[in-house]
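Read the structure below first, then the notes.
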Amino acid sequence: MTDTISPFVGGIVGTHRLRKEDPALLTGESKFIDDLHIPGALWIALVRSPYAHARIGAIDASAALATDGVVAVYTGADLEGDWAGPLPCAWPVTDDMKNPPHLPLAVGKANFAGDAVAVVVATSRYAAADGVEGVVVDYEPLEAVVDVRDAASDRLVIHEDCGTNIVYDWELTPDPDGVAAAFRDAVHHVTETYVHQRLIPAPMETRGVAVVPAPHNGDMTLYSSTQIPHVLKVMAALTLGVPEHKLRVVAPSVGGGFGCKLNVYAEELVCMTLANRHGVPVRWTETRTEAATATIQGRAQRQTIELAADADGKLTGVRATLLADMGAYLQLVAPGVPLLGAFLYHGLYDVPVYSFTCRSVFTNLTPTDAYRGAGRPEATYAIERAMDALAVAVGVGQDEIRSRNFIPTEKFPYDSPAGLIFDSGNYQPTLDRAKELMDWDGRRAEQAERRAAGSTMHLGLGISSYVEMCGLAPSRTLAALNYGAGGWESATVRILPTCKVQVVTGATPHGQGHETCWSMIVADQLGVDPDDVEVLHSDTAISPLGMDTYGSRSLSVGGTALWMATEKVIHKARAIAAHMLEANADDLDFAGGTFTVKGSPDKEVPLAAVAFGAFTAHDLPDGMEPNLEAQVTWDPGNFVFPFGTHIAVVEVDEETGAVELIDYAAVDDCGNQINPMIVEGQLHGGIVQGVAQALWEEAIYDADGQLRSANLADYLVPSAAECIDMKLDHTVTPSPTNPMGVKGVGEAGTIASTPAVMNAVVDALRPMGITDVRMPASPMTVRRAIEAAGGSS
Amino acid sequence: MEVSVTVNGTRRSADVEPRTLLVHYLRDDLGLTGTNIGCDTSSCGACTVLVDGRSAKSCTLLAAQVDGAEVTTIEGLATADGLHPMQQAFHECHALQCGYCTPGMVMAAISLVDEYDDLDAAGVRVGLEGNLCRCTGYQNIVRAVLAASE
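Just so you know, the protein sequences line up as chains A and B, in that order.
Per the working numbering, the very first residue in the first sequence carries number 707; after that it's consecutive.
Per the working numbering, the very first residue in the second sequence carries number 180; after that it's consecutive.
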């Protein structure tokens, strides 16, 4: 195994350090999008189709225009000429992928309930909302396609010009004959079908946009609650034909994203074009109901997974087939979401042959796209649920079936059957430690006692071992997957004359704590106080280069760029210090912020003196530029592959169907940790988000395509009362992909926890003959499963 | 209509539409944007403030209903000497990530601690049921509230 060890020796990286982001957030000083004070701004509100599928007839705005404060109303047809192109989809996964035009305001036909058909411009947010009530749209309702299998049948085609609802078929089967042989010769052949319900990402801050034009100067500033100001700038320029150099995009404090703010949305472009038309600022803040219908949703897949195994339960082949719901249109990276899981349906198990196929379809529902984990939670769910089924078939424990199949540690870097190279891994210790934390044998004994006593409160134990690929990503790999952009990240490190440090990063935080962690990295390298490091981000005028934050990429890609930029600055500072000390640069040590001559520790110069000398430039080495600054753009050579094992214990009430999560243990390995406090925080939140898919959350649509859970009263984002304290531990297997030895942890909890909980639910009910429970495992769903199995009624 | 409220110890007033929600009055008319809005259904608690010392969801009250009352918002907690003990506990326990729910969560927690003498973890969890957080999984919030209650 090719471990790198941590390059950090400054005593700062690896410690629990409180966040520098907190004071502003704790006192109300932080400015989220709706907090911005923008004098003279007009407000917009969108008129949205109440029908999932309808032809748009005449639109009568006369009552709206007569409403106090309403300035104008525009229909989709009115603005059609404003768009240089449709809303962008940056991931055409196949050359023949169907991608019908997706205009910011629909023209002719609305294709989901929530599709915007007109916009009201008014002097206040209340007046804009009043105006929406006064717009009368003559809709001709059409039958809606709400089920993916129905969609795939093409019984009713949504986008007539495409001729089909099938967006693409994509296959990854490196060795078809090998796969056929594996299943032909299998002693055990497990076939499982699972459904991933639609989820609503629901960051606590909804989206919002404010556009400030400078009509005479030609500049425009787009403020948006987005994860991707840099990507948005390019895409908005292309969609509106705005010169990119005249456009500045700012993400103010962003109140969570979870993938749903990794997009280019209609409202951003509508505000831009209306700011142009009216010559004044235009703004919009999303309501929670809009956030449920007009912001992307996640998951929404049907999966079939087959495992071939020998008599001992050793896997000999894995075959997965997906039917994925793209919703009504293709949002920014939606087609690629299944592909982000496509390589991982064999999990962290050593399998010789592999096959993955995916068909994606349009439906008349809200578009889907990346939601925390994006493809990897779905893959992990399928393999981890199926491994439990295999354990039953073979007659061994859930722990034993995993241990028999883990990729052996000596095989790393591991050439996966799907064509990836897993960078580093050591899986068994995470399972062992998780069992220890959970008192696995004790829990099993308790379960047996309850069963023997005939208790109706059933105990269930569920394991989920996972590996994920994150740190998006090598640009060449993305190119091979037809992704429309690169996967690099940029960082600049600037030592100011007084030895304070400015860091500019292209990563765009929205709760993760980049400012704290980036300060720690730089401070550790430079030997300065982390409080003397300022991290600048999220504004394209300050940070012009970036690929932003998603896919657990910030640290392993953006952090690495930062580490390298700091090393470059130290290299230059060393040359200046050598000049000052009249020594050879190679003869200098640098530690604790001071350069010393090896063997002559009294000959030293502090970094502060070097920084000031670089600023005055009075006596620099011949040919050296003044100042201490370096910029690095880093494009990684591989993904990183975090892993771990989670164990959930649930109690299922046979009589009510209620499932309660009563214990949870997680042992994760994200390589070297910069700030363990932040790692734990990411895991806590991630785990709960995954548990929520298992037990509570679902975007429930009726047969007409109406969302029945379009607010936080009906969509069950968990509160503190449903959640429990989790037991966390970790192992450290550094990544050889980057010099810091780091992986990612933003999505790991969500990826791991859903199958752990559902395996526990099924484990509790298995004596009744139940082998699957559809998510979320609500009391009603569980009761129906019990009744269908002939259990108590 | 004219609405006057003592906010964070200072008498403030503004002329507003009768239908103005307290949260919009605080944010848009008084410029106190620390109180956030997270939903349309009084479900999330991001807008929690103290009205006459007790927590209230300011999206669920009209400004007119609190005319003459004392309101404390997140901006009214910290002093020149530093953060309020509840804010400090949230900081020390890493009880916030994106920070959007935080002002409401802190206000609700202050009210909860004020109301109950012997809070345990279960009591905190039930007591904060009306405040949603999407980032933290609540574990560190519970820890922070217990720490501040001691």
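Even for Gly, the Cβ is constructed at its ideal location relative to N, Cα and C.
Asked: Give every residue of the same chain whose Cβ lies closer than 8 Å to the Cβ of Gln-1231(A), excluding the five residues on either side of it in the sequence, and list them in chain order.; Found: Phe-714, Gly-716, Trp-1269, Thr-1272, Glu-1273 and Ile-1276
Asked: Just curious, the alpha helix (DSSP H) that Gln-1009(A) is in, first and last residue?; Found: Where Gln-1009(A) is concerned, there is no enclosing alpha helix (DSSP H), although the beta strand (DSSP E) it sits in stretches over 1004 to 1015.
Asked: What does the alpha-carbon distance come out to for the pair Val-1358(A) and Thr-1162(A)?; Found: 8 Å
Asked: Would you give the residue range spanned by the alpha helix (DSSP H) that Glu-974(A) belongs to?; Found: 972 to 984
Asked: Run down chain A in chain order and give the residues with a C-beta less than 9 Å from the C-beta of Ile-289(B).; Found: What Ile-289(B) touches in chain A: nothing, since even the nearest Cβ is about 12 Å away.
Asked: Hey, how far is the Cα of Gly-1396(A) from the Cα of Pro-1442(A)?; Found: 29 Å
Asked: Look up Val-250(B) in the DSSP assignment and give the residues it is bridged to.; Found: Val-186(B) and Val-230(B)
Asked: If you measure beta-carbon to beta-carbon, which residues of the segment 298 to 329 of chain B are closer than 8 Å to chain A?; Found: Ala-300, Val-303, Arg-304, Val-305, Leu-307, Glu-308, Gly-309, Asn-310, Leu-311, Cys-312, Arg-313, Cys-314, Thr-315, Gly-316, Tyr-317, Gln-318, Asn-319, Ile-320 and Val-321
Asked: With which residues is Val-873(A) paired in a DSSP beta bridge?; Found: Answer is none; Val-873(A) lacks a bridge partner.
Asked: What residues in its chain sit with their C-beta under 7 Å from that of Asn-187(B), if we drop five residues either side in the sequence?; Found: Thr-251, Thr-252, Glu-254 and Gly-255
Asked: Which runs of the alpha helix (DSSP H) fall wholly inside the segment 1082 to 1140 of chain A and span at least 4 residues, in chain order?; Found: 1082 to 1100 and 1104 to 1111
Asked: Do we get a CB-CB distance below 9 Å when we pair Ala-257(B) with the residues of chain A?; Found: yes
Asked: Tell me which residues share the same chain as Asn-871(A) and place their Cβ nearer than 7 Å to its Cβ, disregarding the 5 neighbours each side in the sequence.; Found: Val-851, Ala-857, Ala-858, Asp-860, Val-863, Ile-864, Val-1067 and Phe-1068
Asked: Do the segment 969 to 983 of chain A and the segment 748 to 759 of chain A meet, that is, are 3 or more Cβ pairs less than 8 Å apart?; Found: yes
Asked: Quick one: is Leu-211(B) near chain A, going by C-beta distance under 9 Å?; Found: yes
Asked: With distances taken from CA atoms, which of Leu-731(A), Asp-867(A), Asp-1293(A) and Pro-935(A) is nearest Pro-1307(A)?; Found: Asp-1293(A)
Asked: By the 10 Å Cβ neighbour count, where 16 or more other Cβ atoms means buried, how is Ser-755(A) classified, buried or exposed?; Found: buried
Asked: Looking at C-beta atoms only, is the number of pairs between the segment 265 to 279 of chain B and the segment 293 to 304 of chain B that lie closer than 8 Å three or more?; Found: no
Asked: Taking 9 Å as the CB-CB cut-off, is Arg-954(A) touching chain B?; Found: no
Asked: Output the distance between the C-alpha atoms of Gln-1037(A) and Pro-810(A), rounded to the nearest integer angstrom.; Found: 11 Å
Asked: Given that Asp-219(B) touches chain A, what residues does it touch there, using C-beta distances under 7 Å?; Found: Thr-993, Arg-994, Thr-995 and Asn-1417
Asked: Give the DSSP bridge partners of Met-1163(A), in chain order.; Found: Asp-1359(A)
Asked: Flag this pair as touching only if the segment 1381 to 1399 of chain A and the segment 304 to 317 of chain B have three or more C-beta atom pairs under 8 Å; answer yes or no.; Found: yes
Asked: Mind listing which residues of the segment 1062 to 1081 of chain A have their C-beta closer than 7 Å to chain B's C-betas, in chain order?; Found: none
Asked: If we cut at 9 Å on Cβ distances, does Glu-849(A) have a partner in chain B?; Found: no
Asked: For a quick check, are the C-beta atoms of Leu-1165(A) and Val-1355(A) less than 9 Å apart?; Found: yes
Asked: Starting from the C-beta of Leu-848(A), find all residues in its chain whose C-beta is less than 7 Å away, skip the five residues before and the five after it, and write them out in chain order.; Found: His-759, Ala-760 and Arg-761
Asked: Interface residues of chain B around Asp-741(A) at Cβ under 7 Å?; Found: Thr-212
Asked: Looking at C-beta atoms only, is the number of pairs between the segment 278 to 291 of chain B and the segment 223 to 241 of chain B that lie closer than 8 Å three or more?; Found: yes
Asked: To the nearest whole angstrom, what separates the beta carbons of Gly-1411(A) and Pro-1485(A), a pair I think is in contact under 8 Å?; Found: 26 Å between Cβ atoms; not a contact.
Asked: Assign Arg-890(A) to one of two classes, buried (16 or more other C-beta atoms within 10 Å of its C-beta) or exposed (fewer than that).; Found: exposed
Asked: May I ask you to list, following chain order, the residues of the segment 1375 to 1400 of chain A that have a beta carbon less than 9 Å from some beta carbon of chain B?; Found: Met-1383, Ile-1384, Glu-1386, Gly-1387, Gln-1388, Leu-1389, His-1390, Gly-1391, Gly-1392, Ile-1393, Val-1394, Gln-1395 and Val-1397
Asked: Taking 8 Å as the cut-off, does the segment 1094 to 1101 of chain A touch the segment 1047 to 1058 of chain A (at least 3 CB pairs, one atom from each stretch)?; Found: no
Asked: Do Leu-928(A) and Leu-938(A) count as a contact pair if the criterion is CB distance below 9 Å?; Found: yes
Asked: Give a yes or no on whether the minimum CB-CB distance between His-902(A) and chain B is below 9 Å.; Found: no
Asked: Here's the rule I'm using: 16 or more other beta-carbon atoms within 10 Å means buried, otherwise exposed. How should Thr-708(A) be labelled?; Found: Residue confidence is low: Thr-708(A) scores 39 on pLDDT, short of 50, so the model does not pin down where it sits. No coordinate-derived value is stated.
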